[in-house]
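Down below is the structure, laid out as structure tokens.
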Amino acid sequence: MGPELASRAHMQNIVPVVDAALKEAKVELEQIDAIAFTQSPGLIGSLLVGSQFAKSMALALNKPLIAVHHMQAHVLSNLIPEKKPSFPFLCLTVSGGHTQIVLAHSTSELKVIGETLDDAAGEAFDKSAKLLGLPYPGGPLIDKNAQDGNPKKFSFAEPQIEGLNFSFSGLKTSILYFLQKEIKKDPDFVQKNLVDLCASIQERIVSILLKKFKRAALQTGIKDLCIAGGVSANSGLRKAFNEMCEKENWNAFIPPFEYCTDNAAMIAITAYYKYFKKDFADLSVSASARASWD
Ligand code: KG4
Ligand code: ZN
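Under this note's numbering, read the sequence shown as residues 6 to 299, first letter to last.
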């Protein structure tokens, strides 16, 4: 879906969605304590629809307005379930647009200590899937096919990036060259090897992510580790993350599936903590596609 279509879809859906949410929660508008919205980052057209709607609602109901950062909300989605990490904790946030290691000192002090220098982990999944002829978004399809594949069948190069940062663009290129070479020999190479290709690609993306996450845990000495974002729905990542934490005696936290991919509950939980700090936005606040973390 292009940005234009996405903003139109927001326009069409925002009133019925809010209406349905109130009905399902059996809550009247008057009972709501504050109105929260996603301020950044994201597609500007969609953010503007949400922010304008939230501002109008806050004004009409005379309730405080709370601006939420999408990536911070992914981190705090780990505070939704009853079993929560204790501060300080580390979170590997892996989505379609971001790949970050975040050190959370408190609900309001979140520090990015590592991030991708190029593609996000979700993009690495989606672009690899595209090379295999799978439709967008390919991440979940790679996951599904990988269940029946051999992750050791093909080995893709591991990037050599210093510190806690990531790089995924080289992986895409190495998959592309490898496939071009094999398809020349056998035009049906991808179809014949689809499950093993998916398993091997997934294995590499997961190993890149966890190598740096492990390094971050060792460097900081923090023992409560979380994952969040769309890619944290990946079964290979969830399994390997749990195994790593078990082996190292760290506490692993993974939000339930519905809180991994984009959702409103993560915006609400972030707003909940901001509410108690009276961290309110004024009505002149505007949405932004890119935003500083602080
Ligand atoms: O957090 P999210 O829902 O939206 C963004 O804020 O970007 O993440 C979307 C990304 C997409 O790249 C999608 O392919 C990926 O998460 N994703 C997965 C899986 N489910 C979603 N990647 C791998 N395996 C999955 N099961
Ligand atoms: Zn997201």
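Here a beta-carbon is modelled for each residue, glycine too, at the ideal position from N, C-alpha and C. These numbers come from a predicted model, not from an experiment.
Residues in its own chain within less than 6 Å of residue i by CB, not counting five upstream and five downstream?
| i | result |
| --- | --- |
| ILE166 | SER172 |
| PRO164 | SER172, GLY175 |
| THR112 | TYR278 |
| CYS203 | ILE147, ASN150, ALA151, GLY154 |
| GLU187 | PHE194 |
I want to check one thing, is the minimum distance from the CB of residue i to the heavy atoms of the ligand KG4 below 7 Å?
| i | result |
| --- | --- |
| ASN83 | no |
| SER179 | no |
| VAL236 | yes |
| PRO142 | yes |
| GLU128 | yes |
| PRO145 | yes |
| GLY7 | no |
| ASN239 | yes |
| LYS55 | For the sequence presented, residue 55 should be read as Gly rather than Lys. No, the Cβ of GLY55 stays beyond 7 Å of every heavy atom of the ligand KG4. |
| GLY102 | yes |
| ASP123 | no |
| ASP148 | yes |
Would the C-beta of residue i count as close to the ligand ZN, meaning under 7 Å from any of its heavy atoms?
| i | result |
| --- | --- |
| HIS75 | yes |
| SER51 | no |
Please determine, among the options, the residue with the shortest C-alpha to C-alpha distance to residue i.
| i | options | result |
| --- | --- | --- |
| VAL107 | LEU136, THR225, ASP153, PRO46 | THR225 |
| GLY7 | PHE246, SER174, GLY50 | GLY50 |
| GLN105 | PRO86, SER111, MET76 | MET76 |
| LYS216 | LYS190, CYS250, ASP193 | CYS250 |
| VAL200 | ASP153, ALA162, ARG209, LYS31 | ASP153 |
| THR98 | THR266, GLY47, ASP284 | THR266 |
| LEU81 | VAL290, CYS231, GLU263, VAL22 | CYS231 |
| ASN247 | VAL211, SER293, TYR264, LYS282 | VAL211 |
| THR275 | PRO21, VAL73, ILE19, GLU33 | VAL73 |
| LYS158 | ARG209, ALA11, TYR280 | ARG209 |
| GLU120 | ALA245, ALA221, ALA11 | ALA221 |
| VAL117 | GLN185, HIS79, GLU35 | HIS79 |
| GLU87 | ASN268, LEU214, PRO260 | PRO260 |
Which residue marks the beginning of the beta strand (DSSP E) containing residue i, and which one marks its end?
| i | result |
| --- | --- |
| CYS96 | 94–99 |
| LYS157 | LYS157 -> no beta strand (DSSP E), and no H or E assigned at all. |
| GLU120 | 115–120 |
| GLN321 | Here the chain has residues from 6 to 299 only, and residue 321 is not among them. |
| GLN44 | 40–45 |
| ILE71 | 70–74 |
| PHE258 | 256–258 |
Which same chain residues, not among the five before or five after residue i, have their C-beta less than 7 Å away from its C-beta?
| i | result |
| --- | --- |
| ILE180 | SER133, LEU136, PHE161, ILE206 |
| ILE227 | PRO93, PHE94, LEU95 |
| LEU84 | ILE274 |
Terminal residues of the continuous alpha helix (DSSP H) containing residue i?
| i | result |
| --- | --- |
| ALA30 | 8–30 |
| ASP131 | 126–136 |
| CYS265 | Premise fails: CYS265 is in no alpha helix (DSSP H) and is neither H nor E. |
| ASP201 | 194–225 |
Taking a cut-off of 5 Å, which residues have a beta-carbon closer than that to any heavy atom of the ligand ZN, in chain order? SER100, ASP267
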